[in-house]
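Asks:
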Amino acid sequence: MPQVLVIEDDETTAREIVAELSAHGMQADWVANGRDGLAHATQREYDLITLDRMLPGMDGIDVVAELRRAGRDTPVLMISALSDVDERVRGLRAGGDDYLTKPFAPDEMSARAEVLLRRRQPQAVVQRLRVADLELDLVSHVAYRGGQPLTLLPTEYRLLEFLMRNSGQVLTRTMIFETVWGFHFDPGTNVIDVHIARLRRKIDGAGQPALIHTVRGTGYMIAAANEAATVVS
Amino acid sequence: MNGRPNSWHSTTSRLILIYGSLFVVWGAVLVGVIQWETTRYLNTVIDQMLQQRMHYIASTEPSRLATTVDAAAAIDPHGIMSVGLFDKDHQPVAGNIDHLPASLLRDGQVHLLRHGLPRPDRDAERVRARGLATTLPNGDILVIAKDISTIDGIGAIIRRALLWGLSLTIIPGLLGGFLLRRGPEKRIRELQAATDPIRQGDLSKRLPVSRRGDELDQLAGIVNTMLGEIERLMNEVKGVCDNIAHDLRTPLTRLRARLYRTQQQLDGEPEAALVESCIVDIDEVLTRFRALLRVSELEDRHRAACFDEVDVGQVLRQVHEFYAPVAEDRGQAFELDIQPLTPVRADAHLLFEALANLVGNAIKFTPSGGKVSLRASMDKRGPRVDVIDSGPGIPADERDAVTRRFYRGDNSRTTGGSGLGLSIVSAIVRLHGYALDIGDTGSSGARLTLYCYTLGPDDKVGTCLSRSVPEVTPMTV
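Which chain is which? The protein sequence lines are U and H, in order. Note that full-length UniProt numbering gives residue 170 to position 170 of the first sequence, counting from 1, and the numbers run on in steps of one. Note that full-length UniProt numbering gives residue 362 to position 362 of the second sequence, counting from 1, and the numbers run on in steps of one.
#1: Taking the alpha carbon of G445 (chain H) as the point to measure from, which residue in H:D47, H:D389, H:D242, H:G382 has its own alpha carbon closest?
#2: With distance defined between alpha-carbon atoms, name the residue in H:K146, H:A291, H:A133 nearest to P118 (chain H).
#3: Return helix, strand or coil for F352 (chain H), following the three-state DSSP convention.
#4: Helix, strand or coil: how does DSSP classify D62 (chain U) here?
#5: Should L219 (chain H) be labelled buried (16 or more other beta-carbon atoms within 10 Å of its own) or exposed?
#6: Does the Cβ-Cβ distance between R118 (chain U) and Q43 (chain U) come in under 8 angstroms?
#7: Ends of the alpha helix (DSSP H) at F178 (chain H)?
#8: Around the Cβ of S110 (chain U), are there at least 16 other Cβ atoms within 10 angstroms (buried) or fewer (exposed)?
#9: With a threshold of 7 angstroms (Cβ to nearest heavy atom), would L138 (chain U) be considered close to the ligand SAM?
#10: Which whole-angstrom value is the C-beta distance of R130 (chain H) and G116 (chain H), which I expect to be below 8 angstroms?
#11: Between G91 (chain U) and R53 (chain U), which are expected to be in contact by the criterion C-beta below 8 angstroms, what is the C-beta distance as a whole number of angstroms?
#12: Starting from W36 (chain H), follow the alpha helix (DSSP H) in both directions and report where the run begins and ends.
#13: Nearest-angstrom Cα distance between E61 (chain H) and N138 (chain H)?
#14: Give me, in chain order, the residues of the same chain whose beta-carbon lies closer than 6 angstroms to that of G95 (chain H); leave out the 5 immediate sequence neighbours on both sides.
#15: What does the alpha-carbon distance come out to for the pair L51 (chain U) and V315 (chain H)?
#16: Expressed to the nearest angstrom, what Euclidean distance is found between the alpha-carbon atoms of T366 (chain H) and A356 (chain H)?
#17: Count the other C-beta atoms from every protein chain shown that fall within 10 angstroms of the C-beta of V429 (chain H), then say buried if there are 16 or more, exposed otherwise.
#18: Would you please verify whether the beta carbon of D186 (chain U) is less than 8 angstroms from any beta carbon of chain H?
#19: Per the DSSP calculation, V31 (chain U) is bridged to which residue(s)?
#20: Using C-beta distances below 8 angstroms, list every residue in its chain close to residue 483 (chain H), excluding the 5 sequence neighbours before and after it, in chain order.
#21: W181 (chain U) versus chain H: which residues are under 8 angstroms apart at the beta carbon?
#22: So G173 (chain H) and G20 (chain H) are supposed to be a Cβ contact under 8 angstroms. How far apart are they, rounded?
#23: Measure how close the beta-carbons of M78 (chain U) and D98 (chain U) come, nearest whole angstrom, since I'm counting them as under 8 angstroms.
#24: May I ask you to verify whether the segment 333-350 of chain H touches the segment 367-380 of chain H, counting CB pairs closer than 8 angstroms and requiring at least 3?
#25: Starting from P383 (chain H) and walking both ways along the alpha helix (DSSP H), at which residues does that stretch end?
#26: Leaving out five residues on either side along the sequence, give the residues of the same chain with a beta carbon under 6 angstroms from the beta carbon of K88 (chain H).
#27: Would you mind reading off the limits of the alpha helix (DSSP H) that contains K238 (chain H)?
#28: Starting from the Cα of G217 (chain U), find the closest Cα among H:G369, H:A273, H:I141, H:D47 and give me that residue.
#29: Under the three-state reduction of DSSP, which class applies to D137 (chain U): helix, strand or coil?
#30: Which whole-angstrom value is the C-beta distance of V143 (chain H) and L175 (chain H), which I expect to be below 8 angstroms?
#31: For a contact meaning CB atoms closer than 9 angstroms, what does V191 (chain U) contact in chain H?
#32: Taking L431 (chain H) and L298 (chain H) to be in contact with their CB atoms under 8 angstroms, please state how far apart those CB atoms are, rounded to whole angstroms.
#33: Could you check if W181 (chain U) is buried or exposed, using at least 16 other CB atoms within 10 Å of its CB as the buried criterion?
#34: Quick check on DSSP: helix, strand or coil for S80 (chain U)?
#35: Between which two residues does the beta strand (DSSP E) containing Q148 (chain U) stretch?
#36: Roughly how many angstroms separate the alpha carbons of D214 (chain H) and R189 (chain H), rounded to a whole number?
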């Protein structure tokens, strides 16, 4: 069970985070100020830290910077009411791995936490990604479904790669937009839906089991049908 | 206050002209009165002299009269005081007046000689003169006249004095006025320069006030007080707006979380779809709040840290690639035409966001089967981007109104969106110092042109919005 340290001074928010992480099978410890948070983070081995940006005692930026100076590479999901791109950049430059602005949807937070946990797992250098009978050749940039090559546009390739690298993981539209297109603003969620729909038409042909799944109210996930059934209704 | 003020329309110039004219008129009247009084006085003196001389000569014994007249004429070789004795046939008898002045009444009163008198020392020259004539008891006619060129000379001296006086007053006055005018003009230019950022939306700026405390300072003080009040009210309104958006986000997010959990628990139940539709609605509200706060965030942003040399063409290709599937799904032709462009100084992320809003808007308002064009070309001063669609267009009388937050035109009431997209574009354009022009395509459809440089006052565009830019609604396809 992944161990998560929640550093958050607002009790209500902290309870939300802990409850959501627990619902996703994680063990969460809560600390309410920066100094205690840094002490916990350096004394124990955590798989993930959710870190509020503005904390009593010690600022979130200082906490993550100190943590990195101490040689700890624990993934840090920064959570802040400061939504400006400058603040986001500061948070990430200080050592944060991802940035989520308040107020946030708990499922968005848990999705980001899971992606960070997945990224932490040691991964062999792979040349091919595979989900059921869907394969993506990372060298030749060609996708195959049931051994048949698929014709993908560059964007569709990037989108598929992001989905497959996080197969079985729910990805929100915001996460998809930030990662695949590299921009941090709200482009209107339906545009992402259109791109997913086009990719889906190419991946999930007639008569083939669907691999790209819509997670209601949250986002999308690519997974084999039997894996997805436990997550997606 | 556009352009350089006309110097001749300045208050100082006008005052100088008015006072100058009054001075000239008053000087002329004053000198005229002096001259008239002087002439009248001198004429009176001359008249009395002539009367006395007439009385003296006329009282001479008749037998010696001719001798007396000749003697009087002899002592006056220059003809300053001429005297002549004529018989009853008007033939000269004595004196230095050759002809009896025809128009001179012989009433013993002094009159101005209509034809003057010839001066014996000046060939054929006649001088102005006053004279009188009287008929003696024997029928002879005695005439005495006096040259009055001296009086004319005094008049000329007075007139010259007037001209000198005016010249010595008006010329330094004009020069002084010119110099005086430069001071206020310089201050007006300073005030004009100070208003530039204010006109561009920076209400924190104030007009300069000197220590003189003159009328301009008083006016600047009044304007500054007014600006302070406007800024306070604007901040209050903006603060209220932002606070509402900010404060409502948290409970809405919690509500969304509860609905999400409920939806998870109702997995497979018919009510799950209803809960999901509630989540969609809440997401839409949150999207609007995010857009609203995004506008404020951009408006409050005074950084340039992420500004760099940006290839507008590259950003346009990204925007085109991002929206091409959407246009295709809607059965629209989505054209991209990029001419060679010079790099611009911009934040690439924000430029993408602005162009994405413009394109998203164009796609949203263009009906199926329509066309959206994304064109970039070099203007005389930099790259320009045109987003042209074949939709209903933006009516001319709405092109300024669409700059307001939450404005929904007639054409957009039935479409989704919050009316904040163009506010975001506006804020980004303002941050960059760029300009946006809202126009039409000549037929139906809208043309939104983003000038990737600051428009000058001489740039001819329809709705020039260099700092205050309209709003489009966010993309909802």
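Think of the CB as a built atom: it goes at the ideal place given N, C-alpha and C, for glycine as much as any other residue.
Replies: So, from the listed chains and residues:
#1: H:D389
#2: H:K146
#3: helix
#4: helix
#5: exposed
#6: no
#7: 149-199
#8: buried
#9: Looking at this structure, you won't find the ligand SAM or any other ligand, since it has none at all.
#10: At roughly 10 angstroms, the Cβ-Cβ gap does not stay under 8 angstroms, so R130 (chain H) and G116 (chain H) are not in contact.
#11: 6 angstroms
#12: 11-58
#13: 12 angstroms
#14: V69, A73, V83, G84, L85
#15: 34 angstroms
#16: 15 angstroms
#17: buried
#18: yes
#19: U:I7
#20: In the structure displayed, chain H extends from 1 to 477; residue 483 (chain H) sits before or after that span and is not available.
#21: Q318, F322
#22: 6 angstroms
#23: 7 angstroms
#24: yes
#25: Not the alpha helix (DSSP H): P383 (chain H) falls in the beta strand (DSSP E), residues 383-389.
#26: G139
#27: 215-265
#28: H:A273
#29: strand
#30: About 56 angstroms; that fails the 8 angstroms criterion.
#31: F322, Y323, P325, V326, A356, G360, M475, V477
#32: 6 angstroms
#33: buried
#34: strand
#35: 148-150
#36: 16 angstroms
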